[in-house]
DNA sequence: CTTGTTATTATACAAATGATTAAATTACGC
DNA sequence: GCGTAATTTAATCATTTGTATAATAACAAG
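Protein chains in written order, with the numbering used here: chain G, 1 to 236; chain H, 1001 to 1236.
Here it is, written out as structure tokens:
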């Protein structure tokens, strides 16, 4: 099917002279050395498309243009590769969320719910539209949230919990009529809503018979913020 | 484990002329013949736990207590098995949603948003708590929604679109201040919210430090309805 | 120049996987 | 009773899959 699998005997027989070689020989290349990142980038894509179980190590290696053994060399195993790739983006995301919240808190309270929600959502939004890697990460998240396995749960906790808890605390202070447990619950709703939605934008156009296509991403974000803020504020 | 599956392999322990061989012999069994359903039930579980790509045909066969070839015989392929299992529940779900909406419409308009939302959510809720199969179906849905593949998209459309569009129409009539496109969008939000949530109940307890455990499923449902209704009603 | 370390490749492998086959057994219409 | 079709099994197949191994080349240190 693909031109990757090679028969060494046949290849050398067909080659009268070896100076026109297209095949790369093993050995350290001149300098480059950042194939690790190249692998991670392509892995992100493949994991997003097919999920962990559906992703093929061969596929990742092929897309990254490297030998399959190299991903074992750098990451150890498929699972470790997945976790690594996921954490890489997750840390960036959490960082932005913390920064945004800090900026809000510097302004002094009370804060509008809309602003808090926006501070939480915006980094994810920006990441999604920052390039193919960001969009892939959104899909990876949606998939990870659908996995009941212990591995997945640990990873989710690790990436999300810290910033999420901070936001819950701030929201609780700014919505004194709503008990903290209810806010926590509603924040869980919120995570579901936006992840699902970001992941499923195509479906959204589908539902609205394509009318949504015209709406820019910023407008879409404010629609989402309005929806979620109203939900968060709903009287108990 | 499960009270459903009739395990033919092990059931032959009462063989009269049995020479100690516990293996089941091939051949048509007396009457039963409903191994198809047994397979489907167990497939539901496995697909829910591991997703389509992660599910193993051998595993399904083993849990159902049948030979692996039998699932090819009945369903043709792994993919067809998945679709079949999914459609089976999906049809039931859609049916209940239609019935509920019809009942509402018989009461005459205008309707409260809460009632409409509840009519849409309740069947899913009941199904989830109707037994292991229902819970498994919820997880299958969450996973299917995370799959960008064409196969998955088609299946989602087939199962959800009809009833969803009816609900959108009704909501549009009962919320005259909000354009239909916005309602469609918000209904997409809604689907994300409840699917995510139902699938991820354990996580919810996690977030609230276990305080949610005390809340019964009915109370949880009304929390969700309150949240979503407020969001749907949010002024544009 | 030698030696060792690191990055990369081709190749190999054992296990796992979805599917198929041929045979065996039984229910059922005639 | 008999033949035919339906149901079920054991066994196996051809691939695919994740990982491991050994070879090779660049580079650094001495």
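Backbone N, C-alpha and C fix where the C-beta goes; we use that ideal spot for every residue, glycine too. Computed from a predicted structure; not experimentally measured.
Listed in chain order, the positions of the stretch 41-57 of chain G with a beta carbon within less than 9 Å of a beta carbon of chain H are 48, 49, 50, 51, 52, 53, 54, 55. Rounded to the nearest whole angstrom, the CA to CA distance from residue 1134 of chain H to residue 137 of chain G is 30 Å.
Secondary structure of residue 177 of chain G (DSSP, three-state): coil. Judged by DSSP secondary structure, residue 216 of chain G falls outside any alpha helix (DSSP H); it is assigned neither H nor E. Counted as a single uninterrupted DSSP element, the alpha helix (DSSP H) harbouring residue 1035 of chain H occupies residues 1035-1054. Rounded to the nearest angstrom, the gap between the Cα atoms of residue 1085 of chain H and residue 1120 of chain H is 22 Å.
Rounded to the nearest angstrom, the gap between the Cα atoms of residue 1034 of chain H and residue 1235 of chain H is 53 Å. Straight-line spacing of the CA atoms in residue 69 of chain G and residue 40 of chain G works out to 14 Å. The beta carbon of residue 1176 of chain H does not come within 8 Å of any beta carbon belonging to chain G, so the residue lies off that interface. The alpha-carbon of residue 117 of chain G is positioned some 15 Å away from that of residue 160 of chain G.
Under the Cβ criterion of 8 Å, residue 143 of chain G is counted among the residues facing chain H. A Cβ of chain H is located within less than 8 Å of the beta carbon of residue 199 of chain G.
From the beta-carbon of residue 1127 of chain H, no residue of chain G is found nearer than 9 Å; the closest lies around 17 Å away. About 6 Å separates the beta carbon of residue 186 of chain G from that of residue 1227 of chain H, a gap short enough to meet the 8 Å contact definition. Against residue 90 of chain G, chain H offers no close residue; the least beta-carbon distance is about 16 Å (beta-carbon pairs closer than 7 Å). Cβ-Cβ distances below 7 Å link residue 1128 of chain H to 1134, 1135, 1138, 1198 in the same chain, with the five nearest sequence neighbours on each side left out; the list follows chain order.
Not a single C-beta of chain G is nearer than 8 Å to the C-beta of residue 1082 of chain H. Contact check for residue 144 of chain G against residue 156 of chain G passes: the beta carbons are separated by less than 8 Å. Put simply, the CB of residue 184 of chain G is near chain H, with a gap under 8 Å to one of its CB atoms. Scanning chain H for C-beta atoms nearer than 7 Å to the C-beta of residue 204 of chain G yields 1185, 1188, reported in chain order.
Membership of residue 144 of chain G in the alpha helix (DSSP H) is indicated by the continuous run 132-145. Ranked by Cα distance from residue 180 of chain G, the first of G:164, G:140, G:109 is G:164. Here the alpha carbon of residue 174 of chain G sits roughly 10 Å from the alpha carbon of residue 168 of chain G. Look at the stretch 1212-1232 of chain H: the residues with a C-beta under 9 Å from a C-beta of chain G are 1212, 1215, 1220, 1223, 1224, 1226, 1227, 1228, 1229, 1230, 1231, 1232.
G:184 is the residue among G:166, G:216, G:184 whose C-alpha sits nearest the C-alpha of residue 1203 of chain H. Residue contact with chain G for residue 1172 of chain H: absent (no Cβ-Cβ distance below 8 Å to any residue of chain G).
The residues 136, in chain order, have a CB closer than 6 Å to that of residue 45 of chain G in the same chain once the five nearest residues on each side in sequence are set aside. Just so you know, the alpha carbons of residue 1125 of chain H and residue 1093 of chain H end up roughly 10 Å apart. Between residue 1036 of chain H and residue 1074 of chain H, the CB-CB gap stays under 8 Å. Residue state for residue 1106 of chain H is assigned as helix, using DSSP reduced to three classes.
Contact between residue 152 of chain G and residue 195 of chain G does not hold, since their C-beta atoms are separated by about 14 Å, which reaches or exceeds 8 Å. DSSP places residue 68 of chain G in the coil class of the three-state scheme, outside both helix and strand. Taking every protein chain shown into account, the CB of residue 1229 of chain H has 16 or more other CB atoms within 10 angstroms, so this residue is buried. When 7 Å is used as the limit between beta carbons, residue 148 of chain G is near these residues of chain H: 1049, 1139, in chain order. Within chain G, the residues placing a beta-carbon under 7 Å from that of residue 1234 of chain H are 226, 227, 230, ordered along the chain.
In terms of Cβ geometry, residue 231 of chain G and residue 1231 of chain H form a close pair [threshold 8 Å].
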